[in-house]
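Student:
Protein chains in written order, with the numbering used here: chain A, 124 to 304; chain B, 202 to 320.
This is the structure we're talking about:
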């Protein structure tokens, strides 16, 4: 499919878009925390994929190559934009937690919201690495290649992120999502 | 170690949960297709523009070179076919004769060339 894409086949492009669109959107959303902005990032990414697909040497490495474009675009966009979520989005997220049935679910939900808030509060460098490592399950070496940094830098960012997450969750126990975000 | 794994599993689950229900909007594909078309048009225009620039550049280069060549030829002809007025009427040149250098004076007159040589 990638070979056909490189030959300029639009159908292959459409199929690849269908295959990767949500994965790309989720990654961009987790990095930037902004849904409309994430769609713009996905749009830019796929346009770049179409325009530069002939530069891809290894057809098997399409996903990694596309992710590299996406992550770099998201990273640049995330650096520009503020980390604050729009109020409506915060409310929507808080409302998700209204549909629970037991006390354990309430606690689990609150803990999840606290972790999510802590991840959102991470600086973009650390957040990007956390998303790629935990959500996309990429190896440290793959993340390093994607971001164009040394493996040691990725490890260091992961370590800092874990420390910050633990720190922010331990210092504010029992905090609700509205207070955290 | 187990605690660490559980903690990391939690982070992963939370991130999964965050993306729950987040899907690409229907018009995203249309926007992408539109932008691709625009980019291709832009690239085409750029190519045309660069071809124009190339043609203009080559023409300008040719003009400059031919102008330069003409000017150089003119300058050479000026230097080889003209001399400054010499009020003394004598030109002194160095000349090699029988293995040694000697001064040669050339006196110019209107009708004839009077050559006085020394050495």
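Each residue gets a CB set at the ideal place from its N, CA and C atoms; glycine is no exception.
1. Cβ of residue 304(B) versus every heavy atom of the ligand MN: is any distance shorter than 8 Å?
2. Can you say whether residue 260(B) is buried or exposed, counting buried as having 16 or more other CB atoms within 10 angstroms of its CB?
3. When you compare each of 279(A), 243(A), 177(A) to residue 291(A) by their alpha carbons, which one comes out closest?
4. Using alpha carbons as the reference points, say which of 154(A), 145(A), 259(A), 140(A) lies closest to residue 233(B).
5. Residue 201(A) and residue 150(A) - do their beta-carbons sit closer together than 9 Å?
6. In this structure, what does DSSP give as the bridge partners for residue 295(B)?
7. Tell me the rounded alpha-carbon separation between residue 248(B) and residue 239(B).
8. Going along the region 236 to 247 of chain A in order, which residues come within less than 8 Å of chain B, judged by CB to CB distance?
9. Which of helix, strand or coil does DSSP assign to residue 220(A)?
10. Using the C-alpha atoms, what's the distance from residue 126(A) back to residue 266(A)?
11. Which residue comes first and which comes last in the alpha helix (DSSP H) that contains residue 111(A)?
12. Given that residue 311(A) touches chain B, what residues does it touch there, using C-beta distances under 7 Å?
13. Rounded to whole angstroms, what's the CA-CA distance from residue 219(B) to residue 169(A)? Just pull it up for me.
14. Excluding five sequence neighbours on each side, which residues of the same chain lie with their C-beta closer than 8 Å to the C-beta of residue 165(A)?
15. How should residue 167(A) be labelled, buried or exposed, when 16 other C-beta atoms within 10 angstroms of its C-beta is the threshold for buried?
16. Locate the alpha helix (DSSP H) running through residue 126(A), then write down its first and last residues.
17. Does the pairing of the region 172 to 185 of chain A with the region 276 to 285 of chain A give three or more beta-carbon distances under 8 Å?
18. Identify which residue in 142(A), 158(A), 173(A) has its Cα closest to the Cα of residue 222(B).
19. At a Cβ threshold of 9 Å, is residue 225(B) touching chain E?
20. In three-state DSSP terms, what is residue 157(A)?
21. Between the Cα of residue 174(A) and the Cα atoms of 195(A), 129(A), 196(A), which residue gives the shortest distance?
22. Hey, out of 172(A), 153(A), 262(A), whose CA is closest to residue 136(A)'s CA?
23. Nearest-angstrom Cα distance between residue 268(A) and residue 236(B)?
24. Closer than 7 Å by beta-carbon distance: list the chain B residues that pair up with residue 149(A), in chain order.
25. Mind listing the chain A neighbours of residue 213(B)? Cutoff is C-beta to C-beta under 7 Å, in chain order.
26. What three-state label does DSSP hand residue 251(A) in the structure shown?
Tutor: Judging by the given coordinates:
1. Here there are no bound small molecules, and the ligand MN is not part of this structure.
2. So residue 260(B) ends up on the exposed side.
3. With distances taken between Cα atoms, residue 291(A) lies closest to 243(A).
4. Out of 154(A), 145(A), 259(A), 140(A), 140(A) has the C-alpha closest to the C-alpha of residue 233(B).
5. Not closer than 9 Å, so no.
6. Under the DSSP definition of a beta bridge, residue 295(B) partners with 304(B).
7. Rounded to whole angstroms, residue 248(B) and residue 239(B) show a C-alpha spacing of 14 Å.
8. Those would be 238, 239, 242, in chain order.
9. Here the model assigns residue 220(A) a pLDDT of 48, short of 50, so the residue's position is not dependable, and the following value carries that caveat. In the displayed model, residue 220(A) falls within coil according to three-state DSSP, outside both helix and strand.
10. Between residue 266(A) and residue 126(A), the C-alpha separation is close to 25 Å.
11. Nothing can be reported for residue 111(A): it is not among the residues displayed for chain A, which extend from 124 to 304.
12. Because chain A here runs from 124 to 304, residue 311(A) falls outside it and cannot be looked at.
13. Computed Cα separation, rounded: 23 Å.
14. Excluding sequence neighbours, residue 165(A) sits near 144, 147, 148, 151, 193.
15. Taking every protein chain shown into account, the CB of residue 167(A) has 16 or more other CB atoms within 10 angstroms, so this residue is buried.
16. Element bounds for residue 126(A): 125 to 129.
17. These segments do not touch.
18. That would be 158(A), whose Cα lies nearest to the Cα of residue 222(B).
19. Here the protein chains are A and B, and chain E is not one of them.
20. Three-state DSSP puts residue 157(A) in coil, outside helix and strand.
21. Closest option to residue 174(A), judged by alpha-carbon separation, among 195(A), 129(A), 196(A): 129(A).
22. Residue 136(A) has its Cα closest to that of 172(A), out of 172(A), 153(A), 262(A).
23. Distance between the alpha carbons of residue 268(A) and residue 236(B): 28 Å.
24. Within chain B, the residues placing a beta-carbon under 7 Å from that of residue 149(A) are 220, 223, ordered along the chain.
25. Chain-ordered, the chain A residues with CB closer than 7 Å to the CB of residue 213(B) read 257, 258.
26. In the structure shown, the three-state DSSP call for residue 251(A) is helix.
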